[in-house]
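> First the structure, which I've put down as structure tokens, then a few questions once you've had a look.
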Amino acid sequence: MSTEQAPMTGIPPAIRAVMVLAAGGVAIASIYFVRGMIAPALLAMVVVISVHPLRRKLLSLGWPNWAASCAIVLVSWLILLGILVLMIVGVAQFGQLIQQYGNDVSSVSAALVDAVHNLGLTLPPGAGMDAGSLVALVATLTEAILGLVVSSAFVLVYILFMSFDARLFDGLAERFGRGHALTLAAFARYGSSVRRYYVINTIFGAAVAVCDGLLLWWLGVPGALTWAVLAFVTNYIPSVGFIIGLVPPVLLAFATGGWQTALVVLALYCVINVGLQVFLQPRFVSNAVQLNLTLTFFSVVFWVVILGPVGALLSIPMTLLVRMLVLELNDRETFARWLTGDRQGSC
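Structural data, given as structure tokens:
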């Protein structure tokens with residue numbers, strides 16, 4: 017006997033749409049007001065989902081449940097701590113570069129502001145960078161890193177509990193597959209999509225970071241390793257990550273090597289990053305997660321507003337989660353899934 021809920025049939029479609037939008041608005045507002053608590057939990061969930069296949073592999077090799085769970089905790093912690101170390105090293109090196117080249121960057125910024133004014137254009141007050149604003153930027157980044165370290169403590173605890181609770185999902189298909197086949201299939205697709213998304217981003221991020229770092233080292237731009245780390249981290253931010261990673265090295269190249277060096281950095285950065293991140297990577301990501309480009313870009317902006325900075329890293333997994341909960345648990349929503357870019361679900 018099936019235990020799946022029967023679809024609502026007595027409510028007109030317009031009323032159903034209003035009800036869904038109202039419920040969605042309440043849910044989003046609730047997440048916004050408790051984002052300091054829920055964002056670390058969501059990050060931990062994504063990390064545990066990403067490494068969960070390792071647990072199944074260890075169990076198939078005869079490892080006991082507790083040992084497989086401990087391995088998942090260890091790998092998840094190493095991933096998170098590795099990202100933290102990269103960010104801390106990057107900010108520390110950025111601070112050293114500001115101390116060394118801050119005056120040069122300020123001079124270049126002032127020259128650019130003057131050039132804009134000479135063209136008859138106006139800039140908002142405070143446009144440009146002086147030594148004080150650069151120091152303030154370093155202080156802001158340091159404060160953000162310290163906040164991230166504190167938040168990571170919660171993430172580590174969440175990972176510990178979620179990794180041991182993951183054993184509860186073993187054998188779900190055998191126990192509930194007959195009555196909840198659609199639900200279990202949707203959750204399985206979600207986990208698989210999240211893992212493929214991060215694997216693809218990691219591969220392309222590493223390739224972009226190596227190419228950018230070698231380019232900057234070859235051109236003699238200071239802090240090549242710092243900007244390579246920045247390129248790797250920003251690769252996890254869809255659509256706008258490239259711009260975030262482009263501006264600092266171009267500005268520093270302008271300050272230390274003149275406009276010729278800056279132009280070379282800008283041109284080759286665009287060749288490398290646009291070629292990999294704009295033309296190749298989206299094709300792989302689109303096939304992996306089945307999201308269209310418009311929704312991908314909007315999801316970054318939306319989840320940053322709702323969850324804060326971590327929303328940029330979680331934008332695609334969160335959008336996939338919402339699509340799964342709202343659309344994929346009802347096999348009649350094929351057209352709505354098609355609009356989001358899900359070609360498999362619309363077949």
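Positions 17 to 363 (the numbering used here) are the ones given, in order, by the sequence shown. Every residue, glycine too, gets a C-beta built ideally from N, C-alpha and C.
Look at the alpha carbon of L323 and the alpha carbon of G52, and state the distance between them as a whole number of angstroms.
Computed Cα separation, rounded: 8 Å.
> In this structure, does DSSP put P265 in helix, strand or coil?
Helix.
> Note the first and the last residue of the continuous alpha helix (DSSP H) segment covering Y214.
Taken as a continuous stretch (DSSP letters only), the alpha helix (DSSP H) holding Y214 covers A197 to L235.
> Closer than 7 Å by C-beta to T356: which residues in its own chain qualify, once you throw out the five before and the five after it? Chain order, please.
Here the set comprises L307, N308, L311 and R339.
> Between L268 and V237, is the Cβ-Cβ spacing less than 9 Å?
Taking 9 Å as the Cβ cut-off, L268 and V237 qualify as a contacting pair.
> Would F49 be called buried (16 or more neighbouring beta carbons within 10 Å of its own) or exposed?
With fewer than 16 other Cβ atoms within 10 Å, it is exposed.
> Once you ignore the five residues that flank L282 on each side, which residues in its own chain have a CB closer than 7 Å to its CB?
V266, listed in sequence order.
> Following the continuous alpha helix (DSSP H) through G327, name the residue where it begins and the one where it ends.
It spans V326 to R339 - the alpha helix (DSSP H) in which G327 sits, taken as one unbroken run.
> Would you kindly report the start and end of the unbroken alpha helix (DSSP H) that includes G78?
Neither: G78 is in no alpha helix (DSSP H) and is coded neither H nor E.
> What's the gap between the Cα of F258 and the Cα of A108?
If you take the alpha carbons of F258 and A108, they lie about 21 Å apart.
> DSSP three-state label for I27, please.
Three-state result, I27: coil.
> Quick one: what's got a C-beta closer than 7 Å to S179's C-beta in the same chain, skipping five residues either side?
The residues are V64, S85, I88, V89 and S92.
> Rounded to a whole number of angstroms, what is the C-alpha to C-alpha distance between V67 and V317?
If I take the Cα positions, the gap works out to 27 Å.
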